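**Student:**
2 protein chains.
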Amino acid sequence: MFEKPPGLLVVISSPSGGGKTTICRSLLQGHSEYLYSVSLTTRPRRPSEVTGKDYIFVSEKEFRDRVARGGLAEWAKVYGYLYGTPKGRIEKAIKERRVILLDIDVQGAMRIREKYHQSVLIFIFPPSLQVLEARLRGRFTEKEETIERRLSIARKEMGYWERYDYVVINEDVKETIASVEAIIKAEVSRVERLKRG
Amino acid sequence: MFEKPPGLLVVISSPSGGGKTTICRSLLQGHSEYLYSVSLTTRPRRPSEVTGKDYIFVSEKEFRDRVARGGLAEWAKVYGYLYGTPKGRIEKAIKERRVILLDIDVQGAMRIREKYHQSVLIFIFPPSLQVLEARLRGRFTEKEETIERRLSIARKEMGYWERYDYVVINEDVKETIASVEAIIKAEVSRVERLKRG
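First to last, the protein sequences are chains A and B. Residue numbers for the first sequence follow our numbering, beginning at 496 and rising by one. Residue numbers for the second sequence follow our numbering, beginning at 496 and rising by one.
#1: Whole-angstrom Cβ separation of residue 532 (chain A) and residue 597 (chain A), contact assumed at under 8 Å?
#2: State the start and end residues of the unbroken alpha helix (DSSP H) segment that holds residue 537 (chain B).
#3: Identify whether residue 696 (chain B) lies in helix, strand or coil by the three-state DSSP scheme.
#4: If residue 602 (chain A) and residue 571 (chain A) are in contact, beta carbons under 8 Å, what's the gap, nearest whole angstrom?
#5: Given 8 Å as the limit, is there contact between the segment 521-537 of chain A and the segment 551-560 of chain A, that is, 3 or more CB pairs closer than that?
#6: If contact is defined by three or more beta carbon pairs under 8 Å, each pair taking one atom from either stretch, is the segment 617-637 of chain A in contact with the segment 507-515 of chain A?
#7: Looking only at its own chain, which residues have a Cβ that is under 6 Å from the Cβ of residue 652 (chain A), when we skip the five neighbours before and after it?
#8: Who pairs with residue 581 (chain B) in a beta bridge, going by DSSP?
#9: Mind reading off the beta-carbon distance from residue 594 (chain A) to residue 530 (chain A)? Whole number of angstroms is fine, and I expect it under 8 Å.
#10: Does DSSP classify residue 674 (chain B) as helix, strand or coil?
#11: If you run the structure through DSSP and keep just helix, strand and coil, what is residue 610 (chain A)?
#12: How big is the Cα-Cα spacing for residue 674 (chain B) and residue 663 (chain B)?
#13: According to DSSP, is residue 599 (chain A) part of a helix, a strand, or is it coil?
#14: Taking the continuous beta strand (DSSP E) assigned at residue 615 (chain A), which residues delimit it?
#15: Please name the residues in the segment 657-680 of chain B whose beta-carbon is closer than 7 Å to at least one beta-carbon of chain A, in chain order.
#16: Measure the C-alpha to C-alpha separation of residue 657 (chain A) and residue 617 (chain A) and round it to an integer number of angstroms.
#17: Buried or exposed for residue 439 (chain A), please, with buried defined as at least 16 other CB atoms from any protein chain shown within 10 angstroms of its CB.
#18: Under 9 Å, CB to CB, which of the residues in the segment 547-566 of chain A have a partner in chain B?
#19: Which residue marks the beginning of the alpha helix (DSSP H) containing residue 686 (chain A), and which one marks its end?
#20: For chain A, check one thing: does any of its Cβ atoms lie closer than 8 Å to the Cβ of residue 590 (chain B)?
#21: Given that a residue counts as buried once 16 or more other Cβ atoms are within 10 Å of its Cβ, and exposed if not, what is residue 564 (chain A)?
#22: Roughly how many angstroms separate the alpha carbons of residue 525 (chain B) and residue 607 (chain B), rounded to a whole number?
#23: Would you grab the beta carbon distance between residue 696 (chain A) and residue 661 (chain B) for me? Rounded to a whole angstrom, and I think it's under 8 Å.
#24: Using DSSP's beta-bridge definition, name the partner residues of residue 552 (chain A).
#25: Does the beta-carbon of residue 583 (chain A) have 16 or more other beta-carbons within 10 angstroms, so that it is buried, or is it exposed?
#26: Residue 542 (chain B) to residue 621 (chain B), Cα distance in whole Å?
#27: What number of angstroms, rounded off, separates the C-alpha of residue 688 (chain B) from the C-alpha of residue 612 (chain B)?
#28: If the criterion is Cβ atoms closer than 8 Å, does the pair residue 671 (chain A) and residue 518 (chain A) meet it?
#29: Which word fits residue 502 (chain A), buried or exposed, when buried means at least 16 other C-beta atoms lie within 10 angstroms of its C-beta?
#30: Report the residue from A:645, A:515, A:690 whose alpha carbon sits nearest the alpha carbon of residue 655 (chain B).
#31: Run the CB neighbour count on residue 586 (chain B), radius 10 Å, all protein chains shown included, and call it buried at 16 or more, exposed below.
#32: Alpha carbons only, please: which of A:561, A:591, A:514, A:683 is nearest the one belonging to residue 649 (chain A)?
#33: Please report the distance separating the alpha-carbon of residue 623 (chain A) from that of residue 680 (chain B).
#34: What does residue 507 (chain B) pair with, by DSSP beta-bridge criteria?
#35: Please classify residue 498 (chain A): is it buried, with 16 or more other beta-carbons within 10 angstroms of its beta-carbon, or exposed?
#36: On the DSSP letters alone, give me the boundaries of the alpha helix (DSSP H) that residue 626 (chain A) sits inside.
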């Protein structure tokens, strides 16, 4: 009676340390039908990261070339490095009417919303700033001043929650994943989305 | 960081035979935290039904008295009988910030939406009119002309789907229940709802 629902762009943001990467990874493990938007970045690769899976790591020149060729849906400078979302995978998700996850920051999320009105924006909140700080310190990969800077940015980013569609408080990772799964399942049945077809 | 989300009025409609009563019953079994809005009706009780649980069965005079005293959130005549939603339970759900299920028809749903803007309207579609007809005939409780009349009303009711928030196609009862659960879980995290507080 209804056609297959249109493609769903699910943007997941959180301040760093908020847990969005863990959440995206678990969602992808549980749902092989989802696509994942691998971001382009000029920041150095961490030892645990895999090129093409976690990020596409490129030089600043390569990045600028992609921008000039119109290959990015959005891009921004965050903590001094460039991050961008390649258009190709998003267009594929729309064409094939699939769910695609975008693990991006607040600035990027706002640009995706402008460009793709059908996108669904989910903000993952840390349970508190204290917990966020503890998580950032727990990583052991950052210098004190980096942590301070990230916390100050996190405070600012959290002020954007009202511009998102959903807010999930990440007290428990399993429960947070269940909430994001529920949001995706519900959005597919939304009349607003079915009417647009 | 956020308060407990406000009460959620979940209206579940379907043409008769569409499966809404089975779905509501299963949801209530799985979620003792949900309230259920028991409707008032003047139609005769079926042998399997329990007063106060399935419906509150009253005479037409009693029904009219409740209307006159302003005790109903909405009421309507359907298939020649009066059906209404008592206000008390709804007000309790709002006050206690709980989820309440309303198993009501299209006319009632539209009136609930007017009165309670925070309500969420879910329309359960039968997989097809053929399936709906088979289900109605399978009940063995209705005369041929009753079935014909219900089918004709069902066709009209199905035209209302665009005025609902969500449409779920009831191909498989378990999957339909999972979708309604996902909708309720997602709605609780909606920024629009959290902003209204």
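By construction, the Cβ of each residue, glycine as well, lies at the ideal position given by its N, Cα and C atoms. Bear in mind the structure is a predicted one, so any value in this text is a computation, not a measurement.
**Tutor:** On the basis of the data shown:
#1: Rounded, the Cβ-Cβ distance is 4 Å, consistent with contact.
#2: Per DSSP, residue 537 (chain B) is not a residue of any alpha helix (DSSP H), being assigned neither H nor E.
#3: What the structure shows of chain B is the stretch from 496 to 692, and residue 696 (chain B) is not part of that stretch, so it cannot be assessed.
#4: Residue 602 (chain A) to residue 571 (chain A), Cβ: 4 Å. Contact.
#5: With the cut-off at 8 Å, the segment 521-537 of chain A and the segment 551-560 of chain A touch.
#6: In short, these stretches touch, since the Cβ pair count reaches three.
#7: If we look at residue 652 (chain A) and ignore the five residues flanking it on each side, its Cβ neighbours are 510, 601.
#8: Residue 581 (chain B) has B:567 as its beta-bridge partners, per DSSP.
#9: Correct: roughly 7 Å between the Cβ atoms.
#10: DSSP places residue 674 (chain B) within a helical segment (H, G or I) once states are collapsed to three.
#11: Looking at residue 610 (chain A) - three-state DSSP - the assignment turns out to be helix.
#12: Each residue's Cα considered, the two are about 7 Å apart.
#13: Looking at residue 599 (chain A) - three-state DSSP - the assignment turns out to be coil, as it is neither helix nor strand.
#14: From DSSP, the beta strand (DSSP E) with residue 615 (chain A) extends over 615-620.
#15: Cβ contacts with chain A: 657, 659, 660, 661, 662, 663, 664, 674, 677, 678, 680.
#16: When rounded, the distance between both Cα atoms is 11 Å.
#17: Residue 439 (chain A) lies beyond the stretch modelled for chain A, which goes from 496 to 692, so this question has no answer here.
#18: Under the 9 Å Cβ criterion, the segment 547-566 of chain A contributes no residue.
#19: Taken as a continuous stretch (DSSP letters only), the alpha helix (DSSP H) holding residue 686 (chain A) covers 686-691.
#20: Cβ-Cβ to chain A under 8 Å: no for residue 590 (chain B).
#21: An exposed status is given to residue 564 (chain A), since fewer than 16 other beta-carbon atoms sit within 10 Å of its beta-carbon.
#22: So the alpha carbons of these two residues sit roughly 25 Å apart.
#23: Residue 696 (chain A) is absent from the model: chain A starts at 496 and stops at 692.
#24: Bridge partners of residue 552 (chain A): A:536.
#25: That one is exposed.
#26: Cα-Cα distance, rounded: 25 Å.
#27: Pairing residue 688 (chain B) with residue 612 (chain B), the inter-Cα distance amounts to about 11 Å.
#28: Between residue 671 (chain A) and residue 518 (chain A), the C-beta gap is smaller than 8 Å, which places the two residues in contact.
#29: With a 10 Å radius around the Cβ and a threshold of 16 neighbouring Cβ atoms, residue 502 (chain A) comes out buried.
#30: Ranking A:645, A:515, A:690 by CA distance to the CA of residue 655 (chain B) puts A:690 first.
#31: Exposed, since its Cβ has fewer than 16 Cβ neighbours within 10 Å.
#32: With distances taken between Cα atoms, residue 649 (chain A) lies closest to A:514.
#33: When rounded, the distance between both Cα atoms is 22 Å.
#34: DSSP output for residue 507 (chain B) lists B:598, B:617 as bridge partner(s).
#35: Label assigned to residue 498 (chain A): exposed.
#36: Here the alpha helix (DSSP H) through residue 626 (chain A) covers 624-633.
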